[in-house]
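In the numbering used here, the protein residues as written are 201 to 479. For each residue, glycine too, the CB sits at the ideal point set by N, CA and C. Note that the coordinates shown come from a computational prediction; the quantities given were computed from them, not determined experimentally. Input: a single structure, listed below in structure tokens.
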């Protein structure tokens, strides 16, 4: 799949007239062709609906990032329903694939008034770059040379802008052996590109189904809970967590700082079958 390098511009008037940019991240929704599909015993569409309703009721934002594994089975039907959920938020939404996704099927099936395939978002003080770290038929992540070149060129092109990078797979070790084995395999090459560009202020990902936040030099590293099943932090082998589904809010400040928080959906029970030892 050819990288879509078309740029989407958001003016201050589109960002509620503010110099700051507010966004929400949804990740690892794992929808199925059937609306009642379950992952580890949890109906993924039901939990996504609860997340969407919370965002509608409690969050003011400018755009949405959907960071992979939007589908569990890469079906046309699952992406069409994902499109309907994203369109409910009535703001621009952008996506990048995960290991369970099919990028071409996403390109064909994620359609809607507010849904965009752009991989660069430019605002007054920020650039957001979405990268495809998925490898067809594999669980781990890898950035092709084309993706690394795209990243380097985009950073050179807007060197004056603070930058948030977005991908599916984690580019750092998180202290969970089984997940660390299926992260971004060429993270050293990725970090080598970033070492040339001091304007990168944050890296945002999904994949690990848990909250993670650390600082690395001048960058904030962040992952976000799944909208469905969670993975237990620090687990050495596969282990589902008991934490609730969630999403992340981010405020990209004009001064280059990032304010962020994870929101969990605690208003209803989400039952997981812990006897299942994989997904």
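Bridge partners for residue i per DSSP, in chain order?
i	result
residue 210	Per DSSP, none; premise fails for residue 210.
residue 410	Residue 410 pairs with nothing; no bridge assigned.
residue 265	225 and 294
residue 238	243
residue 449	224 and 461
residue 330	366
residue 430	441
residue 286	Answer is none; residue 286 lacks a bridge partner.
residue 372	Per DSSP, none; premise fails for residue 372.
Hey, quick one: how far does the beta strand (DSSP E) through residue i stretch, first residue to last?
i	result
residue 244	Where residue 244 is concerned, there is no enclosing beta strand (DSSP E), although the alpha helix (DSSP H) it sits in stretches over 244–258.
residue 464	458–464
residue 232	Counting along the chain, residue 232 falls outside any beta strand (DSSP E), and DSSP gives it neither H nor E.
residue 386	No beta strand (DSSP E) holds residue 386; DSSP gives it neither H nor E.
residue 364	362–366
Can you tell me whether residue i is buried or exposed, with buried defined as 16 or more other CB within 10 angstroms of its CB?
i	result
residue 418	exposed
residue 320	buried
residue 360	exposed
residue 221	buried
residue 459	exposed
residue 445	buried
residue 396	exposed
residue 225	buried
residue 341	buried
residue 223	buried
residue 290	exposed
Which class does residue i belong to by DSSP, given the choice of helix, strand or coil?
i	result
residue 281	helix
residue 293	strand
residue 316	strand
residue 215	helix
residue 393	helix
Could you give the residue range of the alpha helix (DSSP H) that holds residue i?
i	result
residue 443	Per DSSP, residue 443 belongs to no alpha helix (DSSP H) and is neither H nor E.
residue 345	345–357
residue 308	303–309
residue 421	It is not in any alpha helix (DSSP H) - residue 421 instead sits in the beta strand (DSSP E) that spans 419–423.
residue 270	Neither: residue 270 is in no alpha helix (DSSP H) and is coded neither H nor E.
residue 379	377–380
Compute the beta-carbon to beta-carbon distance between residue i and residue j, rounded to the nearest angstrom, for a pair I have assumed lies under 8 Å.
i	j	result
residue 408	residue 363	About 22 Å; that fails the 8 Å criterion.
residue 242	residue 462	With a Cβ gap of about 19 Å, residue 242 and residue 462 do not count as contacting.
residue 282	residue 275	In fact, because the Cβ distance is near 10 Å, the residues do not count as touching under 8 Å.
residue 482	residue 346	Here the chain covers residues 201 to 479 and nothing more, so residue 482 does not appear.
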